[in-house]
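Single-structure report; data block below.
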Amino acid sequence: MRLDQLNNHLTKRVKSVHTFPAAPEITHQLAEIGFIPGEQVTVLRRNLFGGDPMMVRIGLSTFAIRKQEAELIEVEDLENHG
Amino acid sequence: MRLKTSKIMAESKIHFYPKEPLIALVGNPNSGKTSLFNLLTGGKQKVANYAGVTVERKEGKLDLGDRTLRILDLPGVYSLYPRSLDEQITCNVLQGRAIGEKKPDLVLCVLDATNLRRNLRLVLAVKRMGIPCVVVVNMMDLAQKRGIQIDLSQLEQELNLPIVDSIGNQSNGDFALREKLKAINLSKISADQQFSKDEDEQPYTVEADNVVVQGILHRMGLDKILPDPISDRLDRTLLHPVFGPVILVAVLFFIFQAVFSWAELPMSLIEKSTDWVSQYILESMPAHWIRSLIVYGVIAGLGGVLVFLPQILILFFFILILEESGYLPRAAYLLDRIMGSVGLSGRSFIPLLSSFACAIPGIMATRTITNARDRIVTILIAPLMTCSARLPVYALLIGAFIPARQIGFGIELQGLVLFILYIAGIVGAMCVAWILKKLTSSKKAFHPLMMELPSYHLPSVKNVAIGLWQRTIVFLHRVGGTILVLTIALWFLASYPSPPEGAIGPAIEYSFAGVLGKALAVIFAPIGFNWEISIALVPGLAAREVVVSSLGTVYALAGQANNSAEALTPLLQQGWSLATALSLLAWFVFAPQCLSTIAVVKRETGGYKIPLIMLTYLFTLAYLAAFITYRIATHYGLA
């Protein structure tokens with residue numbers, strides 16, 4: 084499942100981060116702010132119109148990200164990982 | 002051969018640095034580096050509760066009693082892979098590649114105690130560079146409040162680096178750090194301690210670093226996620242999908258109402274005292290050109306601008322509180338849909354917001370924007386955010402031409418008009434960005450937001466007071482400097498040459514300024530500007546407020562026949578039609594930039610192309626907006 088498809092208030096784990104062909108540096112920037120495989124992630128809320136942007140808790144940090152970024156992030160259930 | 006030698010000569014240019022040891026502050030954005038810097042150096046650099054406040058390296062001196070250290074405050078970074086211009090500055094300094102600065106002797110790695118997880122990854126990266134490093138665990142008070150217990154000695158062992166704690170916004174919060182710095186012998190540290198780089202130079206990965214950090218946190222019992230419950234509760238209301246935007250509009254509305262209603266008393270006090278002073282001088286001094294210069298030049302001009310200080314301070318009071326509290330990035334979150342739809346990344350928000358104070362810091366703040374196209378677009382539209390220098394112009398015209406009356410729902414008309422003018426600038430900026438998106442952006446572009454939403458803090462009274470005091474100083478410097486000089490210059494141009502014998506009409510019409518104003522009025526007549534406005538616009542290029550002081554001087558001189566120092570407002574009410582006033586307001590929404598902004602745009606973009614484009618489009622927009630406003634107003638019989 085991708086992060087943009089995740090319902091609010093469900094905690095998942097980052098599985099992988101895809102690369103956006105036209106802007107490969109985005110993957111790295113996402114990693115820097117905490118989108119690293121294994122990190123816990125929760126969608127806290129979404130804006131009214133189209134759910135964009137969304138407020139996300141990644142690790143301990145809270146970030147506002149757009150759908151475009153969320154589409155790059157693959158998430159999995161917490162139990163899947165030991 | 003000769004070419005080669007000269008190239009080597011150029012490269013081996015010797016730099017001389019001050020002899021004091023150099024210390025650099027490095028850390029994640031919004032980890033409190035600048036607060037700590039101010040504490041250590043007694044400096045007054047701008048601090049606020051959002052990422053990306055510092056975009057330049059700032060230097061200060063730390064006095065340790067027996068010796069002095071130089072301290073560099075650097076822009077915050079998440080890693081040592083620079084992606085934007087401000088991050089580049091930090092990386093260059095750490096690698097010893099910054100122009101005019103040596104490699105630091107010691108790095109203070111500033112951590113946010115409430116978010117060690119992300120901050121520790123940066124420590125690992127700094128450690129890898131081989132520069133001696135002291136880790137400063139900042140915001141310890143907040144961490145304790147949230148029940149995060151950090152065992153500093155255990156962390157010291159885990160990282161194998163010296164560690165101190167600090168509280169950046171408390172007057173003695175740097176005590177432990179000062180003691181540590183006193184104890185460190187900087188000349189010895191680099192020789193003794195081997196902070197050598199890892200020999201095998203393995204390309205590290207963020208993932209690998211993260212595993213190390215997770216290990217440390219696990220062993221220290223800090224791997225549980227403890228979010229800030231207060232911030233989460235506040236966000237539930239303030240960022241609610243429906244109530245959030247409503248609250249944001251209400252807050253902005255309240256601010257503009259307050260700018261008018263709270264300022265009434267201090268403004269009338271300033272007005273009364275300037276009136277009293279000029280009346281006193283008129284009565285006690287003989288009629289002489291110096292008397293005219295003082296009363297009609299200096300007092301009419303400067304007093305006319307000074308009266309707007311209370312309104313500027315009220316506006317900044319609210320801006321400072323919003324900045325300190327952590328609400329600003331949340332406003333960015335709420336408004337992001339608009340930014341995204343015109344092809345701007347979230348990073349443009351803070352630069353645009355800073356432009357409400359002045360376009361110059363706003364344009365500097367665009368350094369945080371990674372994408373070059375997005376950065377140029379943001380620079381181009383930054384001047385459309387209403388800067389504080391435009392506030393006196395708006396306030397003068399609104400005060401003179403818009404009646405102060407309630408229009409229901411507790412809304413007051415003057416505040417509403419001011420709100421609309423600010424909105425007009427924003428809407429104009431979004432339209433320009435949208436057009437530029439259609440012209441320049443490719444379909445495949447990626448416009449990330451990735452904006453950190455920090456925990457809320459209660460604004461500190463001290464920081465707000467310092468911010469307001471600095472605003473006052475800046476404003477008084479402008480009044481006593483640029484505005485004074487231009488006002489005196491305009492007085493001379495508007496007073497000489499004297500009219501010929503037997504001339505009819507006010508003397509000013511025969512002066513240089515009068516003649517020039519009448520020539521310019523030909524260009525501005527279609528948008529309803531008279532020659533007095535036309536002449537006031539010229540010195541207004543140096544600073545916007547000068548338009549107000551210039552109008553003060555021009556009208557005071559034109560009316561000096563009756564030997565009184567009348568306030569500007571009634572003179573404008575008699576002399577201008579409502580259509581002219583509205584047209585001038587529309588002009589100022591888009592008005593071409595002041596010269597210092599143009600100079601900064603040239604410096605930041607490295608050429609004349611962008612400043613020229615900016616000037617042209619702003620002038621065209623301003624003229625069009627004023628023309629349309631004037632024609633519509635005339636059509637409805639307001640001329």
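First to last, the protein sequences are chains E and L. Sequence positions in the first sequence follow our numbering and run 84 to 165. Sequence positions in the second sequence follow our numbering and run 2 to 640. Just so it is clear, CB atoms sit at the ideal spot from N, CA and C, and this is done for glycine as well. Note that this is a predicted model, so its numbers are computed, not measured.
I want to verify the contact list: residues of chain E whose CB lies under 8 Å from the CB of residue i, in sequence order.
{"i": "Pro242 (chain L)", "result": "Arg128, Arg129, Asn130 and Leu131"}
Which two residues bound the contiguous beta strand (DSSP E) that contains residue i?
{"i": "Phe646 (chain L)", "result": "Residue 646 (chain L) is absent from the structure shown; chain L starts at 2 and stops at 640."}
{"i": "Ser99 (chain E)", "result": "Thr94 to Val100"}
{"i": "Asp166 (chain L)", "result": "Ile164 to Asp166"}
State the beta-bridge partners of residue i as determined by DSSP.
{"i": "Thr69 (chain L)", "result": "L:Asp64"}
{"i": "Ile141 (chain E)", "result": "E:Val124 and E:Ser144"}
{"i": "Gly28 (chain L)", "result": "L:Val111"}
{"i": "Val56 (chain L)", "result": "DSSP output for Val56 (chain L) lists no bridge partner at all."}
{"i": "Glu159 (chain E)", "result": "E:Arg96"}
{"i": "Gln407 (chain L)", "result": "L:Glu413"}
{"i": "Met452 (chain L)", "result": "E:Ala147"}
{"i": "Leu23 (chain L)", "result": "L:Arg71"}
{"i": "Arg348 (chain L)", "result": "DSSP output for Arg348 (chain L) lists no bridge partner at all."}
{"i": "Arg85 (chain E)", "result": "E:Glu157"}
{"i": "Ile129 (chain E)", "result": "Reading off the sequence shown, one finds Arg at residue 129 (chain E), where the question assumed Ile. Answer is E:Met137, bridged to Arg129 (chain E)."}
Which residues of chain E have a Cβ atom closer than 9 Å to the Cβ of residue i, listed in chain order?
{"i": "Ala446 (chain L)", "result": "Ala105 and Ala106"}
{"i": "Asp337 (chain L)", "result": "Asn130, Asp135, Pro136, Ala147 and Arg149"}
{"i": "Glu641 (chain L)", "result": "Residue 641 (chain L) cannot be examined here, being either before or after the span of chain L that is shown, 2 to 640."}
{"i": "Gly347 (chain L)", "result": "Pro136, Ala147, Ile148 and Arg149"}
{"i": "Gly302 (chain L)", "result": "In chain order: nothing, as chain E lies at least about 46 Å away."}
How is the alpha helix (DSSP H) around residue i delimited, first residue to last?
{"i": "Thr145 (chain E)", "result": "No alpha helix (DSSP H) contains Thr145 (chain E), which is instead part of the beta strand (DSSP E) from Ser144 to Ile148."}
{"i": "Asn139 (chain L)", "result": "First-last for Asn139 (chain L): Cys134 to Asn139, but that is the beta strand (DSSP E), not the alpha helix (DSSP H)."}
{"i": "Val252 (chain L)", "result": "Phe244 to Ser262"}
{"i": "Glu265 (chain L)", "result": "Glu265 to Ser285"}
{"i": "Lys183 (chain L)", "result": "Phe176 to Ala184"}
{"i": "Thr581 (chain L)", "result": "Leu579 to Phe591"}
{"i": "Ser496 (chain L)", "result": "Leu485 to Ser496"}
{"i": "Pro460 (chain L)", "result": "It is not in any alpha helix (DSSP H) - Pro460 (chain L) carries neither H nor E in the DSSP assignment."}
Kindly indicate if chain L contains any beta-carbon less than 8 Å away from that of residue i.
{"i": "Ile156 (chain E)", "result": "no"}
{"i": "Glu159 (chain E)", "result": "no"}
{"i": "Asn90 (chain E)", "result": "no"}
For residue i, would you say it is in contact with chain E, using Cβ-to-Cβ distances shorter than 8 Å as the test?
{"i": "Asn50 (chain L)", "result": "no"}
{"i": "Arg632 (chain L)", "result": "no"}
{"i": "Leu639 (chain L)", "result": "no"}
{"i": "Val207 (chain L)", "result": "yes"}
{"i": "Tyr328 (chain L)", "result": "no"}
{"i": "Asn211 (chain L)", "result": "yes"}
{"i": "Tyr79 (chain L)", "result": "yes"}
{"i": "Arg119 (chain L)", "result": "yes"}
{"i": "Gly341 (chain L)", "result": "yes"}
{"i": "Tyr707 (chain L)", "result": "Coverage of chain L is limited to positions 2 through 640, which leaves residue 707 (chain L) absent and any answer about it impossible."}
{"i": "Lys198 (chain L)", "result": "Since pLDDT at Lys198 (chain L) reaches only 47, below the 50 mark, its modelled position is unreliable, and no value is offered."}
Could you tell me how far apart the beta carbons of residue i and residue j are, in whole angstroms, since I believe they sit closer than 8 Å?
{"i": "Ser37 (chain L)", "j": "Leu73 (chain L)", "result": "According to the sequence as given, residue 37 (chain L) is Leu; it is not Ser. Not quite, the Cβ-Cβ distance comes to about 12 Å (not below 8 Å), so this is no contact."}
{"i": "Phe513 (chain L)", "j": "Thr581 (chain L)", "result": "Actually they do not touch by this definition, with Cβ atoms about 24 Å apart."}
{"i": "Gly77 (chain L)", "j": "Ala114 (chain L)", "result": "The pair is not a contact, with the Cβ atoms about 16 Å apart (cut-off 8 Å)."}
{"i": "Ser232 (chain L)", "j": "Tyr395 (chain L)", "result": "In fact, because the Cβ distance is near 35 Å, the residues do not count as touching under 8 Å."}
{"i": "Pro163 (chain L)", "j": "Lys181 (chain L)", "result": "6 Å"}
{"i": "Leu63 (chain L)", "j": "Thr91 (chain L)", "result": "Leu63 (chain L) to Thr91 (chain L), Cβ: 19 Å. No contact."}
{"i": "Thr387 (chain L)", "j": "Tyr423 (chain L)", "result": "5 Å"}
{"i": "Leu107 (chain L)", "j": "Pro133 (chain L)", "result": "5 Å"}
{"i": "Pro460 (chain L)", "j": "Glu325 (chain L)", "result": "4 Å"}
{"i": "Glu546 (chain L)", "j": "Ile489 (chain L)", "result": "About 15 Å; that fails the 8 Å criterion."}
Please list, in chain order, the chain L residues whose beta carbon lies closer than 9 Å to that of residue i.
{"i": "Glu152 (chain E)", "result": "Phe447, Pro449, Leu450 and Met451"}
Could you name the residues of chain E that residue i contacts, counting a contact when the two beta carbons are closer than 7 Å?
{"i": "Tyr82 (chain L)", "result": "His111"}
{"i": "Asn116 (chain L)", "result": "Leu143 and Ser144"}
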